[in-house]
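S.K.: Provided herewith is a single structure, encoded as structure tokens, for subsequent inquiry.
Numbering (the working numbering), first residue to last: 21 to 385.
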């Protein structure tokens, strides 16, 4: 009998105001600001995505976090992977996870992923504007970072592989072997069994590169570029509406190319090419549409469908079936990236359909 795969879902802590977002975007800004104001950009474009069961929640509310954990557990997710932000000692959006850690609630497994990239003005169409720069001041900063993470690593809820605390890095190639060795030495001195480091890569070459650095495993990001790109949206719209009418109705689209992909083309993301020397954990994605953040500069994966997602999940489960039981990990992108149109949490169009598809995909009825 095949063991149940370990589903780990990325979790965004953006749903509460912070002083920095107030200063950059206006008082009270959260992820919901862009979600609620999104509009369709072409015929049949599904926007806005309006949350159903959990509503426009605030992650400072413990009952919300409890409800999320209960729903995730019901549909077969083992734990959340909270995005974690560290900029040379400065932390952002840390409150929800800090409260989860300190309150010991919800009693639901978790790990952390360091989103080690600069924050830009991409949410308001100004990606060239640097809001907070991701820097690496030196080994003293890496020591301070590890010490800040240690209470989480020691928590009994923390997700582990072979007894080692699992930690993800969004841009693993920004680091080096010395940093990984330092963290492993500090983990040993702190009494931990060890660290299990997972890099989020864009392609096979990067996977091999970070394996040489000392990473234990990798997963692939949405930007690997293996899905087939469709013609620019404007070409489709001319075909649908005729050129004059399309330009009159959607002038912005005709001023700049717009990238559209088919969800059916996402299936290759469950694998990398060739031997990479370490575990590869496939990443499944129910939907994607970051136009609420980026407008016509965004990307849309059209035809998001629970059946396509279920098939994608089944392929991912099969990909890891030969691994030792604790290593049979499938990454879900994501639990609640609402402004990227990338969420398992129920919306008013699909309800629980994607959650049910996930459950079927791992073999649970």
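Every residue gets a Cβ at the ideal spot worked out from N, C-alpha and C, and that includes glycine. What you are looking at is a predicted structure, and each value in this text was computed from that prediction instead of being measured.
#1: Work out the CA separation of residue 206 and residue 315 for me, nearest whole Å.
#2: Between residue 31 and residue 356, which are expected to be in contact by the criterion C-beta below 8 Å, what is the C-beta distance as a whole number of angstroms?
#3: Measure how close the beta-carbons of residue 49 and residue 133 come, nearest whole angstrom, since I'm counting them as under 8 Å.
#4: From residue 317 to residue 220, what distance separates their C-alpha atoms?
#5: If you draw a straight line from the C-alpha of residue 299 to the C-alpha of residue 305, how long is it?
#6: Quick one: what does DSSP say residue 261 is sitting in, helix, strand or coil?
#7: Starting from residue 154, follow the alpha helix (DSSP H) in both directions and report where the run begins and ends.
#8: Do the segment 66-78 and the segment 102-110 make contact, defined as three or more Cβ pairs closer than 8 Å?
#9: In the DSSP assignment, find the unbroken alpha helix (DSSP H) run with residue 52 in it and report its ends.
#10: By how many angstroms is the C-alpha of residue 59 removed from the C-alpha of residue 35?
#11: Taking residue 184 as part of the beta strand (DSSP E), name the residues at either end of that continuous run.
#12: Is residue 340 near residue 281, with beta carbons less than 9 Å apart?
#13: Okay, do the segment 119-131 and the segment 161-169 touch, 3+ Cβ pairs below 8 Å being the bar?
#14: Can you tell me where the alpha helix (DSSP H) with residue 374 in it begins and where it stops?
#15: DSSP three-state call for residue 338: helix, strand or coil?
#16: Check each candidate in 286, 296, 51 and 266 and name the one with the smallest Cα separation from residue 233.
#17: Starting from the C-beta of residue 311, find all residues in its chain whose C-beta is less than 7 Å away, skip the five residues before and the five after it, and write them out in chain order.
#18: If residue 27 and residue 350 are in contact, beta carbons under 8 Å, what's the gap, nearest whole angstrom?
#19: From residue 151 to residue 179, what distance separates their C-alpha atoms?
#20: Short check: CB of residue 327 to CB of residue 74, under 9 Å?
#21: What is the DSSP secondary structure of residue 38, reduced to helix, strand or coil?
#22: State buried or exposed for residue 362, treating a residue as buried only when at least 16 other CB atoms are found within 10 Å of its CB.
#23: Just checking: is the beta-carbon of residue 182 within a distance shorter than 9 Å of some beta-carbon in chain D?
M.R.: On the basis of the coordinates in this document:
#1: Against the chain shown, residue 315 aligns to sequence position 295. Against the chain shown, residue 206 aligns to sequence position 186. Going by C-alpha positions, residue 315 is about 44 Å away from residue 206.
#2: Locating residue 31 in the chain shown gives position 11, where the first residue counts as 1. Locating residue 356 in the chain shown gives position 336, where the first residue counts as 1. With 8 Å as the limit, residue 31 and residue 356 qualify as a contact, their Cβ atoms being about 6 Å apart.
#3: Translated into the one-based positions of the chain shown, residue 49 becomes position 29. Translated into the one-based positions of the chain shown, residue 133 becomes position 113. Rounded, the Cβ-Cβ distance is 23 Å, inconsistent with contact.
#4: Working through the chain shown from its first residue, we reach residue 317 at position 297. Working through the chain shown from its first residue, we reach residue 220 at position 200. So the alpha carbons of these two residues sit roughly 23 Å apart.
#5: For this step, residue 299 is matched to residue 279 along the chain shown. For this step, residue 305 is matched to residue 285 along the chain shown. Taking the straight line from one Cα to the other gives about 19 Å.
#6: Working through the chain shown from its first residue, we reach residue 261 at position 241. The answer is helix: DSSP assigns residue 261 an H, G or I state.
#7: The residue labelled residue 154 in the question sits at position 134 within the chain shown. Per DSSP, residue 154 belongs to no alpha helix (DSSP H) and is neither H nor E.
#8: The answer is no - the segment 102-110 does not touch the segment 66-78, with fewer than three Cβ pairs under 8 Å.
#9: Position 32 of the chain shown holds residue 52. Residue range 51-57 is occupied by the alpha helix (DSSP H) that includes residue 52.
#10: Start at 1 with the first residue of the chain shown, and residue 35 comes out as number 15. Start at 1 with the first residue of the chain shown, and residue 59 comes out as number 39. Using only the alpha carbons, I get a separation of about 20 Å.
#11: One-based indexing of the chain shown puts residue 184 at position 164. Per DSSP, residue 184 belongs to the beta strand (DSSP E) from 184-189.
#12: Here residue 340 refers to the residue found at position 320 of the chain shown. Here residue 281 refers to the residue found at position 261 of the chain shown. The answer is no: Cβ separation not under 9 Å.
#13: Fewer than three beta-carbon pairs drawn from the segment 119-131 and the segment 161-169 are found closer than 8 Å, and the two stretches are therefore not classed as touching.
#14: Here residue 374 corresponds to residue number 354 of the chain shown, with the count starting at 1. That run of the alpha helix (DSSP H) goes 373-381.
#15: Indexing the chain shown from 1 puts residue 338 at position 318. Annotated three-state conformation of residue 338 is helix, per DSSP.
#16: Here residue 233 refers to the residue found at position 213 when the chain shown is read from its first residue. Of 286, 296, 51 and 266, the residue nearest in Cα terms is 296.
#17: In the chain shown, counting from the first residue as 1, residue 311 sits at position 291. So the list reads 58, 61, 67, 318 and 320, once near-sequence residues are dropped.
#18: Here residue 27 corresponds to residue number 7 of the chain shown, with the count starting at 1. Here residue 350 corresponds to residue number 330 of the chain shown, with the count starting at 1. That pair is a contact at about 5 Å.
#19: To locate residue 151, count along the chain shown from 1; it is residue 131. To locate residue 179, count along the chain shown from 1; it is residue 159. The alpha-carbon atoms of residue 151 and residue 179 are separated by roughly 32 Å.
#20: As a working mapping, residue 327 is identified with position 307 in the chain shown. As a working mapping, residue 74 is identified with position 54 in the chain shown. No. Outside cutoff.
#21: Position 18 of the chain shown, counting from 1, holds the residue named residue 38. If DSSP states are grouped into helix, strand and coil, residue 38 belongs with coil.
#22: Here the question's residue 362 lines up with position 342 in the chain shown. Label assigned to residue 362: buried.
#23: Chain labels in this structure do not include chain D; a single protein chain is all it has.
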